[in-house]
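Here's the structure, in structure tokens; my notes come after.
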Amino acid sequence: MTERSVVTDLYAAFARLVAERPDATALRYRTGGRYARLSYAELAERGDAYTRALAHAGVRRGMRACVLVPPGPELAPLVFALVRLGAVGVFVDPGLPLPALKACLAEAAPEVFIGIPRAHAARLALGWARRTVRIPIAVGRPWPGPSLDDLCAASAGSPVPEVALAPDELAGIAFTSGSTGRPKGVELRLRHLAAQVQLTRDAFGLAPGLVAMSVFPPFALAGPVLGLDMVIPDADPVDPAAADPAALVAGIERFGVAAMFGSPAVLDALSRHCVARGVVLGSLRTVTSAGATLDPRVAERMRRCLPEPAGLYSAYGATECLPVSVVESRELLGEARRHSERGAGSCVGRPLAAHLVRVIRTVDGPIATWSDELCVPDGAVGEVTVAGPSVSERYHARPAETALGKIHEKHPAGSRVVHRTGDLGWLDERGRLWFCGRLAQRVRTAAGDLCTEQVEPVANTVTGVRRTALVGVGDAGEQVPVLCVEVERGARRERVRAELLDLLAGFPHTAGIRQVLFHPRFPVDVRHRAKIGRERLARWAAGRRR
Numbered sequence: 113m114t115e116r117s118v119v120t121d122l123y124a125a126f127a128r129l130v131a132e133r134p135d136a137t138a139l140r141y142r143t144g145g146r147y148a149r150l151s152y153a154e155l156a157e158r159g160d161a162y163t164r165a166l167a168h169a170g171v172r173r174g175m176r177a178c179v180l181v182p183p184g185p186e187l188a189p190l191v192f193a194l195v196r197l198g199a200v201g202v203f204v205d206p207g208l209p210l211p212a213l214k215a216c217l218a219e220a221a222p223e224v225f226i227g228i229p230r231a232h233a234a235r236l237a238l239g240w241a242r243r244t245v246r247i248p249i250a251v252g253r254p255w256p257g258p259s260l261d262d263l264c265a266a267s268a269g270s271p272v273p274e275v276a277l278a279p280d281e282l283a284g285i286a287f288t289s290g291s292t293g294r295p296k297g298v299e300l301r302l303r304h305l306a307a308q309v310q311l312t313r314d315a316f317g318l319a320p321g322l323v324a325m326s327v328f329p330p331f332a333l334a335g336p337v338l339g340l341d342m343v344i345p346d347a348d349p350v351d352p353a354a355a356d357p358a359a360l361v362a363g364i365e366r367f368g369v370a371a372m373f374g375s376p377a378v379l380d381a382l383s384r385h386c387v388a389r390g391v392v393l394g395s396l397r398t399v400t401s402a403g404a405t406l407d408p409r410v411a412e413r414m415r416r417c418l419p420e421p422a423g424l425y426s427a428y429g430a431t432e433c434l435p436v437s438v439v440e441s442r443e444l445l446g447e448a449r450r451h452s453e454r455g456a457g458s459c460v461g462r463p464l465a466a467h468l469v470r471v472i473r474t475v476d477g478p479i480a481t482w483s484d485e486l487c488v489p490d491g492a493v494g495e496v497t498v499a500g501p502s503v504s505e506r507y508h509a510r511p512a513e514t515a516l517g518k519i520h521e522k523h524p525a526g527s528r529v530v531h532r533t534g535d536l537g538w539l540d541e542r543g544r545l546w547f548c549g550r551l552a553q554r555v556r557t558a559a560g561d562l563c564t565e566q567v568e569p570v571a572n573t574v575t576g577v578r579r580t581a582l583v584g585v586g587d588a589g590e591q592v593p594v595l596c597v598e599v600e601r602g603a604r605r606e607r608v609r610a611e612l613l614d615l616l617a618g619f620p621h622t623a624g625i626r627q628v629l630f631h632p633r634f635p636v637d638v639r640h641r642a643k644i645g646r647e648r649l650a651r652w653a654a655g656r657r658r
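Under our numbering, the first residue of the sequence shown carries the number 113, and numbering increases by one thereafter.
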């Protein structure tokens, strides 16, 4: 691979698509109460204009540029422009609590801030990256400062800058919602991004021209590189999982959407809406759930809304290594469901061929060098590790976390980094990976550890239970296990409690759980509404038990 192959399979792949299919639809997005259309040629023209504009503003190779712009006609060409200039995009989940968002930006120290007016207002009012931002650029009006449109006008007619980049060039720092504490910035190089796009394409059979809808922001960015006709629904960028199911149905039916991407929370709401109205989404051929494990009850309901040949997939992975494995709903709803409802964990499918997934014994501290002696036998629960082309090597400005999360391994092709996911799991005799919960969220009782995902699917089988969360109260090694429960509307809590306690008493690993607390609405990450804030629930449960 030569240096001039630059943007590797990102912008170069997009440019090939533009040359081959200039008039094909790249994006459909909501504006002024209607859908507007952008062709691949028009998207490329925007990309050229934005590249000139950012260069005119002083954006240069290696600069960190925070991007707070929702999915739509500006986001993809802005990202392309940053990549072409060799700048490092900083992507922060806008749904983070404001103190965490401010801390992420302080850590990334961006010199460029590109955002909608609301983001700039928050930046100035709350002091985000006050000492480092030198180039503020507003996307949209009204805003008194320099805007992207102004820069495009000022730089019109100038040549598009060309910067030769190597695959190892740092292209982005992604801060995601995470499950505990302050999010870490994942450093992504061009080769990582290229691998993520290629693995996603191959895993879900995404061919150019396919009409797709994304209610999962990362997939929306990949659409133009994959040649998709991407429909961006009208959704709050801070809370995309709250998208109106009726509006999603209308968009799917209007444009004949064949592939859809969303979190389990999106599919939960969409399937409830469709089942209640007898709607079958006849154009859909592929539905992909990501962000958390897909509850079999949601998968079962969603299948009732799909034509028989359609594939419904649950993808497992993380920003550090996306995607890792995939399972189709028919397998999820077969014998895998029966095992899950007896405490095996949640089946997340077979790892993709490009990735090597191994399970190691749980180690609290860093592991500097890989040894095969770390591995546990198949069938034993341990920490899931991943090695492969999309695996990131470090966290930005976090050497301690990098040491904890990464292992260096020598192998025939040289050396590579193995990512410790922080997830507990095991591999079965058929090579399938079973997710058992987060290592940091296991409940450490005097009788031994309890894994959240080996308890909650058991409890979720009780009629009237919407979802459950296992938390521990007290000191590690002496924790009391408490099952927090959200119920369906109209469910009688005392009946649910009695049935839960009776069910849990019937399994050796859950028999010690005798505390059940009902919660009106679990705290969750805003982006996906699927990752439960168990740390917050544990504090709540501790207060309720006093």
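Where a beta carbon is used, it is the ideal one built from N, C-alpha and C, also for glycine.
The beta strand (DSSP E) enclosing residue i, as first and last residue numbers
| i | result |
| --- | --- |
| H520 | K518 to H523 |
| I226 | V224 to G227 |
| C459 | S458 to P463 |
| R578 | V577 to V585 |
| C178 | R176 to L180 |
| R242 | Note, R242: premise wrong, no beta strand (DSSP E); not H, not E. |
Classification of residue i by the beta-carbon crowding that lies within 10 angstroms, buried from 16 upward
| i | result |
| --- | --- |
| H520 | exposed |
| E420 | exposed |
| S483 | exposed |
| R646 | buried |
| S375 | buried |
| S270 | exposed |
| H523 | exposed |
| L595 | buried |
| D476 | exposed |
| P256 | exposed |
| D348 | exposed |
| R554 | buried |
Which of helix, strand or coil DSSP assigns to residue i
| i | result |
| --- | --- |
| A654 | helix |
| S441 | helix |
| V251 | coil |
| E590 | coil |
| F367 | helix |
| G207 | coil |
| S502 | coil |
| P97 | Residue 97 lies beyond the residue range present for the chain, which begins at 113 and ends at 658; the question has no answer from this structure. |
| K643 | coil |
| G455 | coil |
| R601 | coil |
| F331 | helix |
| S426 | strand |
| E495 | strand |
| T288 | coil |
| T514 | helix |
| E132 | helix |
| P435 | strand |
| S527 | strand |
| C109 | Outside the displayed span of the chain (113 to 658) sits residue 109, for which this structure offers no information. |
Check: residue i C-beta below 6 Å from any heavy atom of the ligand NAD
| i | result |
| --- | --- |
| D535 | As presented, the structure is devoid of all ligands, the ligand NAD included, so that no description of it is given. |
Residues that residue i bridges to, as DSSP identifies them
| i | result |
| --- | --- |
| F373 | S326 and T400 |
| D535 | R550 |
| E219 | Looking at the DSSP assignment, E219 forms no beta bridge with any residue, so it has no partner. |
| A148 | Y141 |
| E299 | I285 |
Host alpha helix (DSSP H) of residue i (start-end)
| i | result |
| --- | --- |
| H168 | Y152 to A169 |
| L122 | Where L122 is concerned, there is no enclosing alpha helix (DSSP H), given that its DSSP letter is neither H nor E. |
| L187 | L187 to L197 |
| M342 | No alpha helix (DSSP H) holds M342; the beta strand (DSSP E) holding it covers D341 to I344. |
| E611 | R605 to L616 |
| T312 | L302 to F316 |
| V391 | Here V391 belongs to no alpha helix (DSSP H), and DSSP marks it neither H nor E. |
| L468 | Run containing L468: none in the alpha helix (DSSP H); it sits in the beta strand (DSSP E), L468 to I472. |
Cut-off 7 Å between Cβ atoms - residues of its own chain near residue i, not counting five sequence neighbours on either side
| i | result |
| --- | --- |
| V503 | E432, C433, V529 and H531 |
| L139 | L150, L155, P185, M342 and I344 |
| F547 | T405, Y428, G457, S458, V460, D535, G537 and E565 |
| R415 | L424 and S441 |
| R313 | L338 |
Same chain, Cβ closer than 6 Å to residue i, neighbours up to 5 away in sequence not counted
| i | result |
| --- | --- |
| G576 | V599, E600, A603 and V608 |
| P352 | V327 |
| V119 | Only weak support is given to the placement of V119: the predicted model assigns it a pLDDT of 46, under 50, and the question is left unresolved by the model. |
| P501 | A307 and A466 |
| T398 | F316, A371 and G423 |
Own chain, CB closer than 8 Å to residue i, minus 5 neighbours either side, in chain order
| i | result |
| --- | --- |
| R133 | Y152, P320, G321 and G339 |
| V592 | T557, G584, V585, G586, Q627 and R657 |
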